[in-house]
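5 is the number of the first residue of the sequence shown in the numbering used here; add one for each residue after it. This report concerns only the one structure given below.
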Amino acid sequence: MKNFAKSVAAPASRRPIAALIGLLVLAFATLAAAQTLTGTVTNGTTGKPAAGDEVILINLSNGMDVAANTKADSAGKFSFTLKDGPGPHLIRAIHQGVTYHQMAPPGTNSVEVNVYDVLKKVPEIQVTADVMRFQAENGTLQGVRLFAVNNASAPPKTQMNDHNFEFYLPAGAKIEQSQAKAPNGQPIAAETAPQSEKNRYAVVFPLRPGETQIQVQFTMPYSGSLKFDPKPLYPAEHAVVVLPKTMQFEAANASQFQAMNDPSQGDTIVEVAQQTQPGQSLAYTIKGTGTINESPQQVAAGAAQGQGQGMSNRPGGGLGTPIDTPDPLQQYRWWILGGFAIVLAAGGWFVTKRQTSAGTTSASAGSAAAHAPQARVAPRAASAAASAAPQPASPPAGKSAMLLEALKEEMFQLELERRQGKITPSEYEKTKAALDQTLDRALKRQG
């Protein structure tokens, strides 16, 4: 009887051990699953899997290191083993020569990436807003031309060619910096090339489905007066000219432009032409000198407010509500006056220095980290503006994630310039160290 009892009790005594082993096996299986990142690449033009597209895993914890690469299978599926830890990572899919990105924050197990077929010409390209901002002093005119370009193709397609988006600048203009912002992306440096026709330029940047924003900063000698015709090359809903109040605007055809001034924005003149057509003359003359001034505190506070509420009516925050006039530019108020320049704390200063040494940085960008009044902070970069202005409160974790997105784009551009030989090894190391430091701080805040 005792032997029978022992034979029954022995297995029971081993049950906790078996349970523990089972838990360990489950834990290891869970850990292994957490170290795998899977995803799907879908062709948004055809609605079918993007079979055979190259997919690249980029580790953002250590700059922009390429951790692995693969190809999407016949079902558009891909998988990566995260040997370097759980994140953060960036997935880059390449379809017909155009890149598409999807962030994979720490803890992400699966991502979806949409790509689109590429055409050299997409007929549905239209400019929503074409904005010219001017300010002048000490014999120099500073200008910024900004475009909101909408690709409403159906089915959606990407436009890309050797002179993908063209525009004119005043005679004598010297391009200091050009940036482009993909739909749901962050501003990155963009290549701008002069064309065979004088004063005509092209930005080589894909026009993906949705809204792409393009910004070109330039300077030129100025004797107190400038005549300019922007010569639109695309149909545009709004053509806008922004000047300091101390300067004067005179249209060659007074009926083409309408004043849309905000009483609370006392230091600017805003003139708008509606529904312009390619080849239409929009000539005007600007005279006088002055700068568009705004304190760094207003910039940072307004950017944060603009992010949460669209565009604000605060002083310096936008066009405001025109008197007795509907506001067709509500969603563009902030960037019409401010553009989308990024301030990335210490990293921003080194990026500016790097671009200055390469001859591509504007004077206004060069002083962004040093609180110059002409610098403007984009809504998504507001959390990084602490070095330019004191913040009333700590930025929420969501803004840290947006900063990570901006850092990702800048690191990608840095690596691209290194591979193209456009930056010296010492400048590369210095800039990368600064960006890594900023990235570490952003990751700590997000954690």
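All residues carry an ideal CB built from backbone N, CA and C; glycine is no exception.
Closest by C-alpha distance to residue i, when choosing among the options
i: S78; options: P159, A54 and L418; result: A54
i: T49; options: Y120, A152 and H93; result: Y120
i: P213; options: K202, A156 and L173; result: A156
i: M136; options: L173, I129 and N113; result: L173
i: P297; options: A258, E275 and V246; result: Residue identity check: residue 297 is Asn in the sequence provided, not Pro. Answer by Cα proximity: V246.
i: L86; options: A108, G80, P429 and Y226; result: A108
i: T46; options: H105, Q163 and V148; result: H105
i: E170; options: T272, Q278, E141 and I129; result: I129
i: N257; options: A437, T250, Q284 and M251; result: Q284
i: E241; options: Y432, L61, F261 and A184; result: F261
i: N118; options: G51, Q39 and I427; result: G51
i: T272; options: T280, M251 and K291; result: M251
i: T293; options: D69, L61 and F138; result: F138
i: Q39; options: L61, F84 and I62; result: F84
i: Q163; options: P191, K291 and P210; result: P210
i: D69; options: L420, T442, P429 and K426; result: L420
i: P234; options: P191, I192 and T280; result: T280
i: F232; options: A193, K291 and T428; result: K291
i: I95; options: N113, I62 and T112; result: I62
Residue j beta carbon less than 9 Å from that of residue i
i: E180; j: F222; result: yes
i: F82; j: V102; result: no
i: L64; j: G43; result: no
i: L41; j: V148; result: no
i: G248; j: T295; result: Position check: residue 248 holds Pro in this sequence, whereas Gly was assumed. Yes, Cβ-Cβ distance for P248 and T295 is below 9 Å.
i: T132; j: S229; result: no
i: A152; j: Q217; result: yes
i: A263; j: E254; result: no
i: V220; j: N168; result: no
i: A287; j: V244; result: no
i: G143; j: S227; result: yes
i: D88; j: A76; result: no
i: D440; j: G67; result: yes
i: L145; j: D134; result: no
Chain-order list of residues whose beta-carbon lies under 6 Å from that of residue i (same chain, five-residue window excluded)
i: D166; result: none
i: K161; result: T49, Y120, D121, L123 and V126
i: P110; result: P90, G91 and P92
i: P187; result: R212, G214 and E215
i: P159; result: T49
i: A177; result: F222 and M224
i: T74; result: V59 and F82
i: R422; result: Y432
i: A305; result: Annotation note: pLDDT 39 at A305 (below 50); position unreliable, no value reported.
i: A140; result: Y226 and T293
Spatial neighbours of residue i in its chain, beta-carbon cut-off 8 Å, leaving aside the 5 residues before and after
i: P282; result: P236, L237, Y238 and P239
i: Y205; result: E170, F171, Y172, L173, I179, T196, A197, P198, Q199 and V220
i: D328; result: Annotation note: pLDDT 34 at D328 (below 50); position unreliable, coordinate value reported separately. Taken in chain order, the list of residues that qualify is empty.
i: G436; result: With the sequence shown as reference, residue 436 is identified as Lys, and Gly is not the correct amino acid for it. These residues qualify, in order along the chain: G67, M415 and L418.
Residue i: first and last residue of the uninterrupted beta strand (DSSP E) it sits in
i: R204; result: R204 to V208
i: F253; result: Q252 to A255
i: A71; result: D69 to K75
i: M264; result: Element bounds for M264: n/a, residue is neither H nor E.
i: S229; result: S229 to F232
i: G214; result: G214 to P225
i: L61; result: E58 to N63
i: L94; result: H93 to H99
i: K81; result: K81 to T85
i: E241; result: A240 to P248
i: W286; result: Looking at the sequence provided, one finds Leu at residue 286 rather than Trp. Segment: none, L286 is in no beta strand (DSSP E) and carries neither H nor E.
i: V102; result: V102 to A108
i: S78; result: Segment: none, S78 is in no beta strand (DSSP E) and carries neither H nor E.
i: I273; result: T272 to T280
i: T40; result: T40 to N47
i: S114; result: S114 to V119
i: T196; result: E195 to P198
CB contact check: residue i to chain D, cutoff 9 Å
i: P234; result: Considering every chain present, this structure includes no chain D. It has just one protein chain.
Same chain, Cβ closer than 7 Å to residue i, neighbours up to 5 away in sequence not counted
i: I98; result: D57 and E58
i: A175; result: N203
i: N154; result: Q130, T132 and E215
Contiguous alpha helix (DSSP H) assignments of at least 4 residues, all confined to the region 133-183: Qualifying alpha helix (DSSP H) stretches: none in this window.
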